[in-house]
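Just below is one structure, and these are the notes that go with it.
Chains as they are written, first to last, in this note's numbering: chain E, 6 to 458; chain S, 12 to 344.
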């Protein structure tokens, strides 16, 4: 054995001895001097005896990165220890992203957890378990002076990363069929996939979210925001974050890391934006007999109008890129308008016939078009399509007014803006607008007529 | 396989109501069910039809019109649970949290009709035949479950089997179809953002990894912006603003499939498997970024559709959507 591994052996051995001594001290604390337990404990906690016992108990726990229990606490089956670097690497997010820096998890008898704590002792930044798995000479020698004994201890300790018994899933575990061939009707074209819970990955995400929510730098930044002060930090918000409790009142029954997370499994929201009819009011009593004031208040619309204004104020050169960017923003605005219309179409038709409805006739014809089914006058006006031009003009007028009113008097840019507005609007190309509208509405009309026949 | 199967028709099933669908789409995400649930539904439909029509199912798109997650209010959501039966000793059973969500969705299947036994391609049939097929498949759907939730059909909304037009006509057809999917939101894949954002983050911090990029895209990042006052006597104006990678983009973390944790196990060699005839593999969920878009933002039906692939040698079982690929080609033009 060379000098390097010999000094390594010394260092690791003292690490282990220190660990055992600490545990002994904790046990002895509070015991009377003449307590007969004292002698038993002292005998149990000699390094050789403790290691031997630990090797026996190692069989009761398993080091894992992927557990089955988190999926259902009654599921008993294979748990896996997969080094992130050994997993297939690809361009999506999964445990393989963790690299060397990951928290291993433990499942099994909680009374044997101290064995895992010992294996997590770090020498030179490397846990003992990794050293033993790599058959590091120094680490092997540190366990026992006798090579034979040391080998059997190592085998027992490294055994905790191996799946126990035969491979098994469970009726409470998830198993799903995935088509691997071409024909979904052919049973042989499927694989069964049994997903396990990626505990190490979940732990890293959990730690990140905890730090972003409760870490000191995050708290300072939040305070600065409340005080409307500047702070160089970034506040990370996780909207609609959900917590799933794993293991109910006994998170330690699931796994060691789950216990550290107090059973809280953070879930990031992947909900679609919320569109709810109750958020949309029927335009029955409207300002100026028009939906446009209310439309302009919708957050998405307000933001688009702001972006459009900012873009135009930035004085873009009058070229094709500018026109494209502007048209893109205008398209989005028109899309928002069509979306708004679609939301109103979801109401029971005929609402615009109420006497208290002060909505402009053209807008009624557009937004309550299914009223035509029972209202012959309405239907003939609708077919005439004059209202289409009127809506388009109303939209253009509204947008013009919004863009101009957004500018406060005295702005440096105002003179530029006024000039642009005066010289026939770079910002609102009516021909283009016509085209966009007519396209949409012609389809709509044909569609409706087809349905009525 | 990284190509969307070419379909010659669309089967559109509007406004299905799904009650108590699985809201826990993966161990790290909740909300809308995983897209693989819809791929699985599509394959189940094809299996149940047993060749009743000369129709292959290639891909599926989903529009969510409204949703009602069964969660508590507040900053941190918790799931509203159900009460399970007591155990044999009359004690309350251990609680296993399951998330539920009610949905109103439109399903769009990319389908390929073919000629069989001298019979014409069902997609090219006349209007009434196509409606008949669409209705029959919809009735079958009504007897299935979607992402674990029961399905309710609304007779007001008629399903359609539409032949897909080609060329110029196709984009016209799509614009007309997508209008009928309003208001709602379609899920598309933004794998491209994950990669681009990783590079961006690595520009600031070399040790940033894919997981950092994914989390960063899944949250709101608020930064303070200071505007200099006009005169020195006034205090500086500070505004905290959320910065978004895609302006107005509703980005969400989504599970997109599974990655192998080890070799494929021979059929029957793993205890308690669902069947003894299918090889089994232990896997973990794989994540990417998705975007919810109003259907009027989609440029083509291909933007909407998802399909699945399997690369057992690479250990990858995943779902694809090509929205971002067509974005890239648009940028290059």
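Note that CB positions come from ideal geometry on N, CA and C, so glycine has one too. All of these numbers come straight from a predicted model, not from anything done at the bench.
Given residue 101/E as reference, the closest of 50/E, 20/E, 203/E and 132/E once Cα atoms are compared: As a first step, residue 101/E is located in the first chain; it is residue number 96 there, counting from the start. Measuring from the Cα of residue 101/E, the nearest candidate turns out to be 203/E.
CB of residue 292/S within 8 Å of CB of residue 23/E, strictly: Position 281 of the second chain, counting from 1, holds the residue named residue 292/S. Position 18 of the first chain, counting from 1, holds the residue named residue 23/E. The answer is no: Cβ separation not under 8 Å.
Ends of the alpha helix (DSSP H) at residue 144/S? As a first step, residue 144/S is located in the second chain; it is residue number 133 there, counting from the start. Unbroken alpha helix (DSSP H) run through residue 144/S: 138-153.
I want to verify the contact list: residues of chain E whose CB lies under 7 Å from the CB of residue 75/S, in sequence order. Within the second chain, the letter at position 64 stands for residue 75/S. Result: 277.
Determine, using beta-carbon pairs with one atom in the segment 177-194 of chain S and one in the segment 54-69 of chain S, whether at least three such pairs fall under 8 Å. A contact is defined here as three or more CB-CB pairs under 8 Å, and the segment 177-194 of chain S fails this definition with respect to the segment 54-69 of chain S.
Looking at the unbroken beta strand (DSSP E) that takes in residue 69/S, where does it start and where does it end? Position 58 of the second chain, counted from the start, is the residue given in the question as residue 69/S. In this chain, the beta strand (DSSP E) harbouring residue 69/S covers 66-80.
Using the Cβ count rule (16 or more neighbours within 10 Å means buried), how would you classify residue 130/S? As a position in the second chain, residue 130/S is number 119, starting the count at 1. With fewer than 16 neighbouring CB atoms inside 10 Å of its own CB, residue 130/S falls in the exposed class.
Please compile the residues from chain S whose C-beta is within a distance smaller than 8 Å of the C-beta of residue 192/E. One-based indexing of the first chain puts residue 192/E at position 187. Those within 8 Å of residue 192/E in chain S are 288 and 289.
Quick one, which of 277/S, 262/S and 283/S has its alpha-carbon nearest residue 278/E's? Sequence index remark: in the first chain, residue 278/E carries index 273 (1-based). Checking every option, the nearest Cα to that of residue 278/E belongs to 262/S.
Distance, residue 255/S Cα to residue 205/S Cα: In the second chain, counting from the first residue as 1, residue 205/S sits at position 194. In the second chain, counting from the first residue as 1, residue 255/S sits at position 244. Residue 205/S and residue 255/S: Cα-Cα distance of roughly 14 Å.
For a contact defined as C-beta to C-beta under 8 Å, what are the partners of residue 57/S on chain E? Reading the second chain from its first residue, position 46 is the one you call residue 57/S. Here the neighbours are 189 and 190.
Any 3 or more C-beta pairs closer than 8 Å across the segment 195-215 of chain S and the segment 319-337 of chain S: yes
Is the distance from the Cβ of residue 117/E to the Cβ of residue 17/E below 8 Å? As a first step, residue 117/E must be located in the first chain, where it is residue number 112. As a first step, residue 17/E must be located in the first chain, where it is residue number 12. In this structure, residue 17/E does not lie closer than 8 Å to residue 117/E by Cβ.
Contacts of residue 110/E in chain S (Cβ-Cβ under 8 Å): Sequence index remark: in the first chain, residue 110/E carries index 105 (1-based). Residues of chain S passing the Cβ test: none, with the nearest at roughly 13 Å.
With a floor of 4 residues, list each alpha helix (DSSP H) that falls wholly inside the segment 318-357 of chain E, ordered by position along the chain. Within the segment 318-357 of chain E, the alpha helix (DSSP H) runs of at least 4 residues that lie entirely inside it are, in chain order, 325-350.
Run the CB neighbour count on residue 245/S, radius 10 Å, all protein chains shown included, and call it buried at 16 or more, exposed below. Within the second chain, the letter at position 234 stands for residue 245/S. Exposed is the call here.
Measure the C-alpha to C-alpha separation of residue 4/E and residue 264/E and round it to an integer number of angstroms. Given a span of 6 to 458 for chain E in the structure shown, any question on residue 4/E remains unanswerable.
Enclosing alpha helix (DSSP H) for residue 23/S [first to last residue]: Start at 1 with the first residue of the second chain, and residue 23/S comes out as number 12. Careful: residue 23/S lies outside any alpha helix (DSSP H), inside the beta strand (DSSP E) at 20-33.
Please confirm whether residue 228/E has its beta-carbon closer than 8 Å to some beta-carbon of chain S. Within the first chain, residue 228/E is the residue found at index 223, counting from 1. No, residue 228/E does not count as interfacial toward chain S.
For residue 182/E, the residue or residues it bridges with in DSSP: Mapped onto the first chain, residue 182/E falls at position 177. In DSSP, residue 182/E forms a bridge with 197/E.
Determine, using beta-carbon pairs with one atom in the segment 206-222 of chain E and one in the segment 45-52 of chain S, whether at least three such pairs fall under 8 Å. no
Rounded to the nearest angstrom, what separates residue 338/S and residue 343/E at their Cα positions? Counted from its first residue, the second chain places residue 338/S at position 327. Counted from its first residue, the first chain places residue 343/E at position 338. Distance between the alpha carbons of residue 338/S and residue 343/E: 23 Å.
N- and C-terminal bounds of the alpha helix (DSSP H) containing residue 121/E: Residue mapping note: residue 121/E aligns to position 116 of the first chain, counting from 1. That run of the alpha helix (DSSP H) goes 118-124.
In the segment 92-113 of chain S, which residues sit with their C-beta less than 8 Å from some C-beta in chain E, listed in chain order? Those residues of the segment 92-113 of chain S that come within reach of chain E (Cβ to Cβ, closer than 8 Å) are 105, 106, 107, 108 and 110.
Just tell me which of 75/E, 159/E and 395/E has its CA closest to the CA of residue 61/E. Within the first chain, residue 61/E is the residue found at index 56, counting from 1. Residue 159/E is the option with its Cα nearest to residue 61/E.
Check whether the segment 275-293 of chain S and the segment 176-187 of chain E touch, using three or more Cβ-Cβ pairs below 8 Å as the test. Contact check between the segment 275-293 of chain S and the segment 176-187 of chain E: three or more CB pairs, one atom from each, fall below 8 Å, which counts as touching.
Can you list, in chain order, the residues of its chain whose CB lies under 8 Å from that of residue 58/E, leaving out five sequence neighbours each side? Counting from one through the first chain, the residue named residue 58/E turns up at place 53. For residue 58/E, same chain residues with a beta-carbon under 8 Å away, outside a window of 5 residues either side, are 49 in chain order.
Is it a yes or a no for the segment 127-140 of chain E touching the segment 90-104 of chain E, going by three-plus beta-carbon pairs under 8 Å? When Cβ pairs closer than 8 Å are counted between the two stretches, the segment 127-140 of chain E is seen not to touch the segment 90-104 of chain E, the count staying below three.
Span of the beta strand (DSSP E) around residue 68/E: Here residue 68/E refers to the residue found at position 63 of the first chain. Run containing residue 68/E: 66-69, per the beta strand (DSSP E) assignment.
I want to see whether chain S comes within less than 8 Å of residue 436/E, judged by CB atoms only; does it? Start at 1 with the first residue of the first chain, and residue 436/E comes out as number 431. Reliability fails at residue 436/E, whose pLDDT of 47 lies under 50, so the model's placement of it is uncertain and no value is given.
What's the C-alpha gap between residue 71/S and residue 17/S? Indexing the second chain from 1 puts residue 71/S at position 60. Indexing the second chain from 1 puts residue 17/S at position 6. Rounded to the nearest whole angstrom, the CA to CA distance from residue 71/S to residue 17/S is 12 Å.
Contacting positions in the segment 235-263 of chain E - beta carbon closer than 9 Å to chain S: 235, 236, 237, 238, 239, 240, 241, 242, 243, 244, 245, 246, 247, 248, 249, 250, 251, 252, 253, 254, 255 and 258
One or two residues paired with residue 117/S in a DSSP bridge: As a first step, residue 117/S must be located in the second chain, where it is residue number 106. In DSSP, residue 117/S forms a bridge with 74/S.
Going by DSSP, what residue range makes up the beta strand (DSSP E) through residue 105/E? On the first chain, position 100 is the one that residue 105/E refers to. First-last for residue 105/E: undefined, no H or E at that position.
Apart from the five residues on each side of it in sequence, which residues of its chain come closer than 7 Å, Cβ to Cβ, to residue 5/E? Because chain E in this structure spans residues 6 to 458, residue 5/E falls outside the shown range and cannot be described.
Which stretch, first to last residue, makes up the beta strand (DSSP E) that contains residue 79/E? The count along the first chain starts at 1 and reaches residue 79/E at position 74. Unbroken run through residue 79/E: none, as it is neither H nor E.
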